[in-house]
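Take the sequence shown: its position 185, counted from the start at 1, is 1300 in our numbering, and no numbers get skipped. Take a look at the structure below.
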Amino acid sequence: MAGPLLNMIRYARPGILTSLAAATLGLPSSSFAQCRVVPGADGALSTFLVRGGVRVGPIAARPTLRASLGLALDRAVATIPSLDAPGWRSASSADASLDLGRVVGGRGPRSAHASIRAEVSTAGDRWLFVGSDDAVAVHVDGREVYRRALPRRSREDDDMVRVPLSPGAHTLAFTVVSRSDLDLFVRLTGPDFRPDPTVALSLPSVDEPACEALAERSLRATFARTPTADGTRVDVTVSFPGGTAVPAARSRALSLSAPDVAPVDATLSLARPSAEPLDAAIMLPPAGSRVVSLRVGNAVRTARVFVDPAVRSALLDAHAVLSPLDPSYGALPSPWPLPAVRETAALPAGAVFSVEATAQRLARLVSAGDPDLAHLREEAATLGSLLGPVREGRDPYVGRTGALRRAWRSPLDGTLQEFSLYVPPRYRASERIALVVGLHGLHGSAHRMLPVLVGHYDESEDRTRAERHLPPMPDTGAMLLAPYGYGDSGYRQQGEVDVMAAIDAVAAGYAIDPDRIYLTGLSMGGIGAAGVAFHHPDRFAAIAPLCGYHSYFVRTDTRTVRRPWEVFLMELRSNASYAENGLHLPMYLVHGTLDRPLSNSQVLVDRYQALRYDAQVEWPPLGHNVWSQTYADGRIVPHFLRYQRDPAPRRVRFRTPELRWNRSAWVTLDALLAPGTTDGSRLARTARWGEVDAAVSPDGSGRVRTDGIGAMTLDPPAALVRAGVTALRLDIDGDRMELPVGCPSSLRRVGGHWSLGRRVSLASGGPIRELFDTPMLFVVGTGDARALPLYERAARVWSHRAGMPLRYEIVRDDSYTEAMGEGRTLVLIGTPRDHRLLARIAGRLPVGLGADAITVGARRFEGGDAGVVFAAPDPDRPERSVLVISGRSPTAVLRSHSLPDLLPGYVVFDERVAGARGRVLLGPAASVLAAGYFDEQGQVVGDDRDPVTPAGDAVEE
């Protein structure tokens, strides 16, 4: 039984089959032999004629790296022969890029050429979007039209080249020079940024057999297995991410078959201007193992399909039991607003989410054809044991001990986020227990982190097997929690939200002692253990960051030119900047002496010692792995149990650069002073540090000192003072005030003095990247059909973060509804002339987006390639933010992907920002037109000009 054949792009699924071919050209069957090439759905090309260039020899490092690359590129370009010369080889890839290094061979600094013939029927401009390692030159008919010599990794769309082409045949050539890799991304589009039907591409002198071989190796196939009541549906997606070679036939026969099953046949047309993906499906009987074969022309891909009966039964039961409880179960993308789960006191939502996550994990393993049948059966048995109580309306985790996979539903993107929890046998719901939270390192696993916390770690282990088969765990004196933290988030933004939400989920479902919650982590997790705790110092009793990196000023990738706003953001990202918040956070820090530089941890130790805070520090003679020794025999648990949080500390020290982190114990910061002001006349959410030091005596007398704070709320609990004391008598920066105990008092700085008043609530906004700790919806403008492809590419770049399983939804403005935006930060991509939502609010935003210029304050930016990204309160809903990505041209909007990691509240840029892509800072090789922050009135704060002019021979490695 065949499913519908749909021409549509799907998310890539596990089981991708990729290969790369390179073959020396055979003799053409005639002097007119050529191989037609069709680009991928977005114009991508990974089928070329290729040849090795010259060995460029050693490329000089600092301070002449860029100049050295330029000279090497000159030498390489001088060696480009005509396509008629011998030595060219045909090559193709099933990726959107071509690894030239694998084709030409060799190692170290070298060069390579790639070329293709373009037959143009209509005169006009075309666009080449190029990405390569280090240096690239683009030639049309032997004339250089573009070059870039800048040390950086290859990324798609890095170089945007407009090329006027007349009717007739043209030769497009690309020369890449690199110190190591030789990856090449190329996209060719028409003036509308889509594959151009008036351009016919070909490889001259490539005969039919060689063309067929290229076509075979450019095919990508994914197989997804879904158990149903009737059998197993196998969905297959055939795609050509980098296009494909097209032998004589303009279409390919597609056949999907399996033993004893009627085949599914279709025709894959390659006559259109791009090779579009094709979906097909075949239904298999429920019993037995079968090999599904996909044949496209001469290319064959196979996948074995077997679903164990117990696994099938568990997944079908899960759907029957969970769908009535959660309307969003199995939906992708998740519906918004997120529907409420049908929970009861006996069956809370957290239990439902956890069982759903167990079912989804098993479904993913089955879909990918995971060969570990024993593990699948174990997971199915676990799922079955959970579904029984749920079916009866009971929480299946009550009384369950050991290592558990649990989950919560994240409002950020609507997905279930897993965390792992070890419930020791000694746990009783009638007695409160301590909680030790452990954060994994880069590419780490939450589930594997549980045994690591008690000393089980083998550096040579198979990570997948270790994550699936945990060793016996001791009966610890605390519950152990390992959040996933959105993967490789660095425990910033989404990752920090995940950590705190996992703690809250465990506290809601178990008898956790709120005064005995501890935080530790290794490597990236060591960074998070300090960072998350310093942002929320009143939630933890003690911390143990192992081998972390606690200052952006120590990082090698920030040892370069630093703009003023970058210095501030480096401080914002540096744990050492928040050390004052550790007054009530005893710290146990371990860093190996062979793990250089030691200053990664020393900076935080120095701050703790300077503040005379409680710090236990060890410097063992080890490398990066200090956790095996530190966590050995589970000794981190008894170490932590010596400490207990004070829920009502008489002294609070807290500092923050951003109101996202604004509370410690009974002190809440409501507004910061705008930079350059001291009297409270202008307030801001960020752009400067705010700090408070509040101390109270048992008799109610006390002193509060602030710096950079414009408004705050003090809510002193009765436990601060002796019985009978009903008010605090405070000296607040020299102002004498009396505040009641047991209820909040809001204060505002006016004319340089503090006074009681209404609580200040600033509209949302802040540094651009920090907005990503909120639910987000990307809305793309559709009013300009020409710009739409680049707007959607920009949305995909901004909505994705490497190493993180994010699923931010992207919609077009003509399908947007207000319900979609409820509770979400809106990311608006386009201009007021082509975006319905932007048109509605443009006149009330702090940045002018006129037809003739971008305006910020008194400055106008009229260049056709100027772009802007800024965060601001939504004028219609000030409690939420909008993030606007706009520009004077579609390519300027796409160029926003070149912005570095550390960004203030707004940035105006042009093509000169290109060299910053993938970097933490702009550095000396890139510049922007303006960057800075707005105050609460939308006014520019300070001087927003870029003080750095890019150096002609700027260097960054």
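We put the CB at the ideal spot given by N, CA and C, even for glycine. Computed from a prediction, not measured in an experiment: that's the story for all the values here.
Contact under 8 angstroms by Cβ, residue i with residue j
| i | j | result |
| --- | --- | --- |
| Phe1649 | Tyr1693 | yes |
| Val1321 | Val1245 | no |
| Thr1970 | Gly1963 | yes |
| Gly1738 | Gly1697 | no |
| Gly1641 | Gly1624 | no |
| Arg1241 | Asp1311 | yes |
| Pro1831 | Val1811 | yes |
| Ala2029 | Asp1273 | yes |
| Ala1981 | Arg2003 | yes |
| Val1114 | Thr1347 | Nothing about residue 1114 can be read from this structure; the chain reaches only from 1116 to 2072. |
| Val2008 | Ile1944 | yes |
| Phe1976 | Ile1925 | no |
| Gly1357 | Ala1211 | yes |
| Tyr1923 | Met1891 | yes |
| Ala1617 | Pro1598 | yes |
| Tyr1537 | Met1615 | no |
| Leu1477 | Leu1488 | no |
| Gly1412 | Arg1367 | yes |
| Ala1360 | Ala1315 | no |
| Ala1518 | Ala1474 | no |
Minimum C-alpha distance to residue i - residue among the options
| i | options | result |
| --- | --- | --- |
| Leu1160 | Arg1170, Gly1202, Leu1213, Arg1190 | Leu1213 |
| Pro1196 | Gly1223, Leu1243, Ala1288 | Ala1288 |
| Arg1416 | Gly1185, Thr1352, Pro1511, Arg1974 | Thr1352 |
| Leu1886 | Arg1800, Ala1834, Val1218, Leu1385 | Arg1800 |
| Pro1282 | Thr1237, Arg1995, Gly1346 | Thr1237 |
| Glu1695 | Tyr1703, Ser1779, Ala1954, Thr1313 | Ser1779 |
| Arg1670 | Ser1716, Gly1643, Thr1635 | Ser1716 |
| Val1276 | Thr2006, Ala1789, Ser1293 | Thr2006 |
| Ala1544 | Arg1521, Thr1516, Gly1529 | Thr1516 |
| Ala1659 | Phe1668, Tyr1667, Met1639 | Met1639 |
| Pro1736 | Arg1803, Phe1769, Val1349, Leu1713 | Leu1713 |
| Asp1794 | Trp1776, Leu1784, Gly1823, Pro1772 | Gly1823 |
| Glu1574 | Gly1602, Ser1743, Leu1704, Leu1700 | Ser1743 |
| Thr1745 | Trp1869, Gly1553, Trp1680 | Gly1553 |
Cβ separation of residue i and residue j, assumed to be a contact under 8 angstroms, to the nearest whole Å
| i | j | result |
| --- | --- | --- |
| Leu1501 | Val1470 | 5 angstroms |
| Ser1226 | Val1171 | 6 angstroms |
| Gly1815 | Val1782 | About 16 angstroms separates the two Cβ atoms, so there is no contact after all. |
| Leu1871 | Val1856 | Not confirmed; about 15 angstroms, so no contact. |
| Arg1995 | Arg1939 | 7 angstroms |
| His1665 | Ser1689 | 7 angstroms |
| Thr1635 | Ile1548 | That pair is no contact at about 17 angstroms. |
N- and C-terminal bounds of the beta strand (DSSP E) containing residue i
| i | result |
| --- | --- |
| Gly1167 | 1163-1167 |
| Pro1988 | 1982-1988 |
| Val1301 | 1298-1304 |
| Val1278 | 1274-1280 |
| Gly1996 | It should be noted that the sequence gives Ser, not Gly, for residue 1996. Where Ser1996 is concerned, the enclosing beta strand (DSSP E) stretches over 1996-2002. |
| His1650 | Per DSSP, His1650 belongs to no beta strand (DSSP E); it is in the alpha helix (DSSP H), 1639-1650. |
| His1868 | 1868-1871 |
Extent of the continuous alpha helix (DSSP H) to which residue i belongs
| i | result |
| --- | --- |
| Ser1743 | 1742-1745 |
| Ala2007 | 2005-2009 |
| Tyr1261 | Tyr1261 -> not in any alpha helix (DSSP H); beta strand (DSSP E) instead, spanning 1258-1264. |
| Gln1714 | The question names Gln, but residue 1714 is Ser in the sequence shown. Ser1714 -> alpha helix (DSSP H) spans 1714-1725. |
| Arg1479 | 1464-1482 |
| Pro1904 | 1903-1913 |
| Phe1655 | Premise fails: Phe1655 is in no alpha helix (DSSP H) and is neither H nor E. |
| Asp1619 | 1609-1624 |
| Thr1497 | 1488-1506 |
| Trp1680 | 1679-1688 |
Check: residue i C-beta below 7 angstroms from any heavy atom of the ligand HEM
| i | result |
| --- | --- |
| Pro1947 | In terms of ligand content, the structure shown is empty, and the ligand HEM therefore cannot be addressed. |
Could you tell me whether the region 1666-1684 touches the region 1581-1598, using the rule of 3 or more Cβ pairs below 8 angstroms? Contact fails: fewer than three Cβ-Cβ distances are below 8 angstroms.
Any chance the region 2043-2050 sits against the region 2011-2024, with 3 or more Cβ pairs inside 8 angstroms? The region 2043-2050 is in contact with the region 2011-2024.
Would the region 1380-1397 count as touching the region 1447-1458 if we require 3 or more Cβ pairs under 8 angstroms? No contact exists between the region 1380-1397 and the region 1447-1458.
At least 3 beta-carbon pairs within less than 8 angstroms: the region 1363-1373 vs the region 1393-1411: The region 1363-1373, when compared against the region 1393-1411, does touch it at the 8 angstroms Cβ threshold.
If you pair each beta-carbon of the region 1182-1191 with each one of the region 1244-1258, do three or more pairs fall below 8 angstroms? Yes: the two stretches touch, three or more of their Cβ pairs being nearer than 8 angstroms.
Quick check: the region 1503-1518 against the region 1895-1910, are there 3 or more CB pairs under 8 angstroms? When Cβ pairs closer than 8 angstroms are counted between the two stretches, the region 1503-1518 is seen not to touch the region 1895-1910, the count staying below three.
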